[in-house]
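**Student:** According to my numbering, the sequence shown holds residues 5 to 416 in order.
Beta carbons: idealized from backbone N, C-alpha and C, even for Gly.
Quick one: the structure is below, and I'll ask about it shortly.
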Amino acid sequence: MSADPSTLAVHGGEPTFDDQVLPPWPQHDDAEEKALLDVLSSGAWGSTHGDVVATFEQEFAEYQQAKHAICLNNGTLAIAAALRAAGVGLGDEVIVPPYTFIATASAALFIGAVPVFADVDPVTHLLDPQATEAAITPRTKAVIVVHLAGRPVDMDAFTAIGHRHGLTIVEDCAQAHGAEYRGRRIGAIGDLGTFSFQSSKNITAGEGGAVVTDDPDLAQALYSLVNVGRVPGGGWYQHTTVGYNLRLTEFQAAILRAQLTRHPHQQQTREHNATILTDLLGEADGIQVAPPDPAVTAHGRHLFMFRVPALGVAGTRDAVVSALAAEGLRAASSGYVPLHRHEALDREITELTGRLGQPYPRTELPVAEQVCTDTIWLPQRYLLGTEEQTRQIAAAIVKVVAAHESLPRPGA
Ligand SMILES: Cc1ncc(COP(=O)(O)O)c(C=O)c1O
């Protein structure tokens, strides 16, 4: 890889792109405005008085091809509630990937369960089924698979693991609304699927979450967890179990209903541009983009991720990300830190396992170590531009990566 370093914006050259020209995120129009005003004037602002959350739950369940959807206030507590509904609790081990947003692991800790990290695949960054099976102990109760970046994991392998070992499979779908595995929308392929509607997500109300499932008992358990232990159709002060209040507001559901109708069209644009980026970056020297997988019949396209192993070796990945920002790709990111090295998680796991007198589960995670040094990603907004803008984004990446050796290294 080589290029004239003086052309880099970070060295005083012309920036290749300006991400301000891309469509903004989030997007809204009259549909959100009207829906919000309708809730406002109705006076029914909470879901215990109105029916907008319940209507969205039906629409979202249908969208994800699940029998039930239960809304709640965010994707983090969606995972905690899903685990709890499945009976996961104190001291149970939950296998999670180390390359994901921290919430996947912290949600297990919230209910007193111990997150156990299993390694990821070097091409897709997704949880590796073989590594997962190797991490199972007699204490394992659940696996949280993450459809990271919107790309579904190998659900055939994970449902087989679930059946073989009697484990609950939770799909963390925070980044994968509308994604499909072998023609079926993700979420209820495993036992439970959790979603986030936080600001950056492809369907958003600023905050929010949902759990989908085909199992009526899990759906009822979730209803109770979200509604202070109430049961559907039961009395206001009838708390059959101990539950939280995790309810979504009618305002959020009003926005989500409008966002849901816009999602299919936005996904087409993201898919189209992601294919262009995959082709252009795939042709470039040293850049690795995960190839399409025939089992992935629809990609959720939340992040566009690629690896440049040479940057990991040279230690120039973060400098490349800064140089991309100078080129106008201000939202390019170095991505996640490896969760098995995360100090706060480590502290909590040490304290919890110490109190319970259980071993601190440590696994070898060489792939996660590697990908954390050489992965770069772009947010989904970067997939919403025109073809020409997409080509400019690719050109900026190719230009900077080719000149990476001119960039400062850590400690230099
Ligand atoms: C993979 C993953 N899981 C869980 C979450 C948590 O969702 P929320 O921010 O709505 O709590 C996120 C959100 O960033 C995520 O990306």
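Could you tell me whether the region 253–266 touches the region 369–382, using the rule of 3 or more Cβ pairs below 8 angstroms?
**Tutor:** No, they do not touch.
**Student:** Go ahead and pull the three-state DSSP assignment for lysine 205.
**Tutor:** Lysine 205 falls in the coil class under three-state DSSP.
**Student:** With alanine 7 as the anchor, note down where its alpha helix (DSSP H) starts and where it stops.
**Tutor:** Per DSSP, alanine 7 belongs to no alpha helix (DSSP H) and is neither H nor E.
**Student:** Using a 10 Å radius around the Cβ and a threshold of 16 neighbouring Cβ atoms, would you call lysine 205 buried or exposed?
**Tutor:** By the 10 Å Cβ count, lysine 205 comes out buried.
**Student:** Across which residues does DSSP place glutamine 292 in a beta bridge pair?
**Tutor:** DSSP output for glutamine 292 lists Arg311 as bridge partner(s).
**Student:** With a 10 Å radius around its C-beta and 16 neighbouring C-beta atoms as the bar for buried, classify alanine 112 as buried or exposed.
**Tutor:** Result: buried.
**Student:** Any heavy atom of ligand 1 inside 8 angstroms of the beta-carbon of serine 337?
**Tutor:** Answer for serine 337: no, Cβ out of range of ligand 1.
**Student:** Looking only at its own chain, which residues have a Cβ that is under 6 angstroms from the Cβ of alanine 258, when we skip the five neighbours before and after it?
**Tutor:** So the qualifying residues of the chain are Ala39, Leu40, Val43 and Val56.
**Student:** Jot down the residue ranges of each uninterrupted alpha helix (DSSP H) in the region 47–127, minimum 4 residues, whole runs only, in chain order.
**Tutor:** Complete alpha helix (DSSP H) runs here, min 4: 56–67, 79–89 and 107–114.
**Student:** Looking at the strands, I want to know which residues DSSP matches up with arginine 274.
**Tutor:** Bridge partners of arginine 274: none, in fact.
**Student:** How would you call threonine 128, buried or exposed, if buried means at least 16 neighbouring beta carbons within 10 angstroms?
**Tutor:** Flag for threonine 128 reads buried.
**Student:** Compute every distance between the C-beta of glutamate 97 and the non-hydrogen atoms of ligand 1, then say whether any falls below 8 angstroms.
**Tutor:** Answer for glutamate 97: no, Cβ out of range of ligand 1.
**Student:** Looking at the structure shown, is valine 157 part of a helix, part of a strand, or coil, going by DSSP?
**Tutor:** Coil, per DSSP.
**Student:** Return the chain-ordered list of same chain residues with a C-beta closer than 7 angstroms to the C-beta of serine 203, the five sequence neighbours on each side being excluded.
**Tutor:** Pro30 and Gly210.
**Student:** Could you compute how far the alpha carbon of arginine 186 sits from the alpha carbon of arginine 168?
**Tutor:** If I take the Cα positions, the gap works out to 21 angstroms.
**Student:** How would you label threonine 141, buried or exposed, when you count the other beta carbons within 10 angstroms and need 16 or more for buried?
**Tutor:** So threonine 141 counts as exposed.
**Student:** What's the call for glutamate 392, buried or exposed, on a 16-neighbour Cβ count within 10 Å?
**Tutor:** When all chains shown are included, glutamate 392 counts as exposed.
**Student:** If contact is defined by three or more beta carbon pairs under 8 angstroms, each pair taking one atom from either stretch, is the region 49–63 in contact with the region 80–91?
**Tutor:** No, they do not touch.
**Student:** Confirm, please, whether the CB-CB distance from leucine 284 to alanine 192 is below 9 angstroms.
**Tutor:** Contact: no.
**Student:** If you measure between the beta carbons of proline 156 and histidine 303, is that distance less than 9 angstroms?
**Tutor:** In this structure, histidine 303 lies closer than 9 angstroms to proline 156 by Cβ.
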